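Data first, discussion second: the structure below is written as structure tokens.
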Amino acid sequence: MGNLTPRVSVVLPTRNRGGVVGGAMESVLDQTYDDLELLVVDGGSDDETPAVVGEFDDPRLTYLRKPRGEGVSAARNEGLRLADGDLVAFVDADDRWRPGKLRAQVRAYRAADDPVVVTAGIEKAHGEPLTREGVDGDARATLRRLDAPTYTSILLARRDAVRAVGGFDESLPCFEDWDLCMRLAREGSFAHVPETLVVKGTTGDNVSADPDALFAALPRIFERYDLPAAARAQFLADAGVTACEAGRFEAARPYLRRALRLDWRPNAAAALALSYATPRAFDVGMNALYTVERAATRHQN
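The number in the numbering used here is simply the position in the sequence shown, starting from 1, with 21 added.
Structure follows, in structure tokens:
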């Protein structure tokens with residue numbers, strides 16, 4: 022189990038997020054777990070971010086301001102290189118941690134058999150849960166099915182393990198959190214805290230909402246990992262739906278059709294049909310589908 026009170030290094034990548042980064046920093050520095058450091062890696066902000074960070078007077082804070090941004094994965098890896106904790110955690114600038122997050126995850130880490138990763142529950146700002154069922158033990162099969170949570174802000178990992186697998190893949194424009202977890206799962210077991218400990222931000226500038234980033238990442242993901250058909254279909258459907266939401270219906274249709282050939286799923290079928298309607302009709306139709314799916318989930322629970 023190692024150190025009973027392991028030091029935790031928290032890496033926060035940011036660029037031009039002055040309106041939200043202070044809240045993320047507060048949520049880390051207000052943790053009930055004491056032995057932590059916060060490494061804010063700024064990829065060339067030209068907004069109020071430096072001033073916001075400068076308002077914090079806390080010896081646990083280190084602010085690294087780089088002249089230009091090289092992407093969120095590069096910023097996380099820079100923080101990882103600077104980290105001196107036994108464990109490392111990550112938080113995005115628009116996410117928020119509940120005060121007991123690190124204490125609960127460190128407790129789970131100590132109780133388990135030296136896991137490489139501890140995950141936790143996460144929800145959207147309005148309270149909708151995001152977490153798939155967590156994994157205690159070997160996570161490889163569950164991750165291949167895309168059935169395990171991998172949001173970066175819920176991860177607490179052994180620093181030596183993250184470094185051993187090479188950190189975040191800076192060549193991937195998205196899915197870098199899932200890719201890291203896939204590689205970490207080869208190194209050892211996972212543990213999970215089911216309690217909701219993270220609130221995900223809704224500022225809407227996530228790279229995963231960029232269709233071109235999704236289109237570029239998918240061939241690399243499919244080449245790198247032997248995934249079941251249902252998982253490949255989910256990746257393709259998500260890319261197609263995202264493209265439709267951006268108004269790029271023609272570009273989306275091949276991805277939606279490929280998804281449906283692999284594994285029929287309601288969101289891909291609905292998006293493909295609605296892609297021939299108006300953007301307004303697409304939004305109304307998909308929102309209706311999501312409302313029905315959420316109601317069904319609540320009924321099952």
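Glycine residues also receive a C-beta, built at the ideal position from the N, C-alpha and C atoms. Just so we're clear, the structure is a prediction, and the values are computed from it rather than from any experiment.
| Asked | Found |
| --- | --- |
| Cβ-based burial, L85 [other Cβ within 10 Å; buried from 16] | exposed |
| V305 (DSSP reduced to helix, strand or coil) | helix |
| Whole runs of the alpha helix (DSSP H) within the stretch 114 to 150, excluding any shorter than 4 residues | 122 to 132 |
| The stretch 128 to 135 in contact with the stretch 234 to 242 per 3-pair CB rule at 8 Å | no |
| Touching by the beta-carbon criterion (3+ pairs, under 8 Å), the stretch 53 to 62 and the stretch 136 to 151 | no |
| Inter-residue Cα distance where the pair is A290 and L277 | 7 Å |
| Start and end residues, alpha helix (DSSP H) containing L177 | L177 -> not in any alpha helix (DSSP H); beta strand (DSSP E) instead, spanning 177 to 179. |
| Pick from F243, T53, A273 that is closest to L293, judged by C-alpha positions | A273 |
| The stretch 167 to 178 in contact with the stretch 71 to 89 per 3-pair CB rule at 8 Å | no |
| Residues that DSSP places opposite T83 in a beta bridge | L60 |
| Rounded separation between Y297 and I143 - CA only | 35 Å |
| Nearest candidate by alpha-carbon position, reference A110, set R279, E149, G188, A254 | G188 |
| Beta-carbon proximity list for A302, same chain, < 8 Å, skipping 5 on both sides | L295 |
| Local conformation of T70 per DSSP, three classes | helix |
| Chain B contact for V139 (CB, 8 Å cutoff) | Annotation note: the requested chain B is absent from the structure, which comprises a single protein chain. |
| Residues of its chain near E91, where Cβ-Cβ distance is below 6 Å and the 5 sequence neighbours each way are ignored | none |
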